[in-house]
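Engineer: One structure coming up, written as structure tokens, with questions to follow.
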Amino acid sequence: MIRILMVCLGNICRSPLAEGILKSKLPENSFIVDSAGTANYHMGSSPDVRSISIAKKNGLNISNLKGRQFTVSDFDTFDLIYTMDASNFQNVIKLARNADDIAKVNYILNEVYPNQNYDVPDPYYGGNEGFENIYTMLDEACNKIAEKLIK
Numbered sequence: 049m050i051r052i053l054m055v056c057l058g059n060i061c062r063s064p065l066a067e068g069i070l071k072s073k074l075p076e077n078s079f080i081v082d083s084a085g086t087a088n089y090h091m092g093s094s095p096d097v098r099s100i101s102i103a104k105k106n107g108l109n110i111s112n113l114k115g116r117q118f119t120v121s122d123f124d125t126f127d128l129i130y131t132m133d134a135s136n137f138q139n140v141i142k143l144a145r146n147a148d149d150i151a152k153v154n155y156i157l158n159e160v161y162p163n164q165n166y167d168v169p170d171p172y173y174g175g176n177e178g179f180e181n182i183y184t185m186l187d188e189a190c191n192k193i194a195e196k197l198i199k
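Taking the numbering used here, I'd label the letters of the sequence shown as residues 49 to 199.
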């Protein structure tokens, strides 16, 4: 069983969307996909209604997900940890205990643009268009992840 964690700031916009997208592309019996935030702002909250809406528009239901904060134990639980941007990458790396922990962490868009460390912009303070844009980015990255993992 391969375990993958998606990480953003509050775990209500980007990472739950990435979780839902990747789950839809992988067989449930071989993969576990989860999400978390580096901040504790939205622990126990449902995803942002705009993330729920764009997911639903694309045939996915993420409304049942609940926000949680990234913890050091996630390094033990997960094989791959994808961060949405530089800030969250640094926040996760700061909690790493060793090189093995660090080796699990990568920017999600590095799957599309290797070693470029591009950010998935946080759409929280914008309109619906930002959510459309990040859905497209995350869908492309999740396609690459799924292709790689299923091989």
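All C-beta atoms, glycine included, are put in the ideal place defined by N, C-alpha and C.
These figures come from a predicted structure and were not determined experimentally.
Roughly how many angstroms separate the alpha carbons of I102 and G115, rounded to a whole number?
Structural biologist: Here the question's residue 102 lines up with position 54 in the sequence shown. Here the question's residue 115 lines up with position 67 in the sequence shown. So the two alpha carbons sit approximately 18 Å from each other.
Engineer: Over what stretch of residues does the alpha helix (DSSP H) that includes S99 continue unbroken?
Structural biologist: Taking the first residue of the sequence shown as position 1, residue 99 is located at position 51. Here the alpha helix (DSSP H) through S99 covers 97-105.
Engineer: Determine the direct distance from the alpha carbon of N139 to that of S63, and round the result to whole angstroms.
Structural biologist: In the sequence shown, residue 63 corresponds to position 15, counting from 1. In the sequence shown, residue 139 corresponds to position 91, counting from 1. Approximately 15 Å between the Cα atoms of the pair.
Engineer: Looking at the strands, I want to know which residues DSSP matches up with I80.
Structural biologist: Taking the sequence shown and counting its residues from 1, one reaches residue 80 at position 32. DSSP, once it has assigned bridges, lists R51 as partnering I80.
Engineer: Are I156 and Y130 touching if we call contact CB-CB under 9 Å?
Structural biologist: Here residue 156 refers to the residue found at position 108 of the sequence shown. Here residue 130 refers to the residue found at position 82 of the sequence shown. A contact, by the Cβ cut-off of 9 Å.
Engineer: Using CA coordinates, which residue listed in V81, I198, N88 is at the minimum distance from L57?
Structural biologist: Indexing the sequence shown from 1 puts residue 57 at position 9. When only C-alpha atoms are compared, the closest one is N88.
Engineer: Give me the DSSP bridge partner(s) of Q92.
Structural biologist: In the sequence shown, counting from the first residue as 1, residue 92 sits at position 44. Before going on, a small fix: residue 92 reads as Gly here, not Gln. Beta-bridge partners assigned by DSSP to G92: none are found.
Engineer: Where do the N-terminal and C-terminal ends of the alpha helix (DSSP H) with I60 fall, by residue?
Structural biologist: Looking up residue 60 in the sequence shown gives position 12. From DSSP, I60 is part of no alpha helix (DSSP H); its letter is neither H nor E.
Engineer: Please classify L108: does DSSP put it in a helix, a strand, or coil?
Structural biologist: In the sequence shown, residue 108 corresponds to position 60, counting from 1. Coil at L108, not helix or strand.
Engineer: DSSP state of E115, grouped into three classes?
Structural biologist: Position 67 of the sequence shown, counted from the start, is the residue given in the question as residue 115. First, the residue type needs correcting, since residue 115 is Gly and not Glu in the sequence shown. Three-state DSSP puts G115 in coil, outside helix and strand.
Engineer: Which residues bound the beta strand (DSSP E) around L128?
Structural biologist: Here residue 128 corresponds to residue number 80 of the sequence shown, with the count starting at 1. L128 -> beta strand (DSSP E) spans 128-131.
Engineer: What span of residues does the alpha helix (DSSP H) with N165 cover, start to end?
Structural biologist: For the purposes of this step, residue 165 is identified with residue 117 of the sequence shown, where counting begins at 1. It is not in any alpha helix (DSSP H) - N165 carries neither H nor E in the DSSP assignment.
Engineer: Going by Cα to Cα distance, which pick from E188, G178, D148, I198 is closest to S99?
Structural biologist: If you number the sequence shown from 1, residue 99 lands on position 51. Ranking the options by Cα distance to S99, first place goes to G178.
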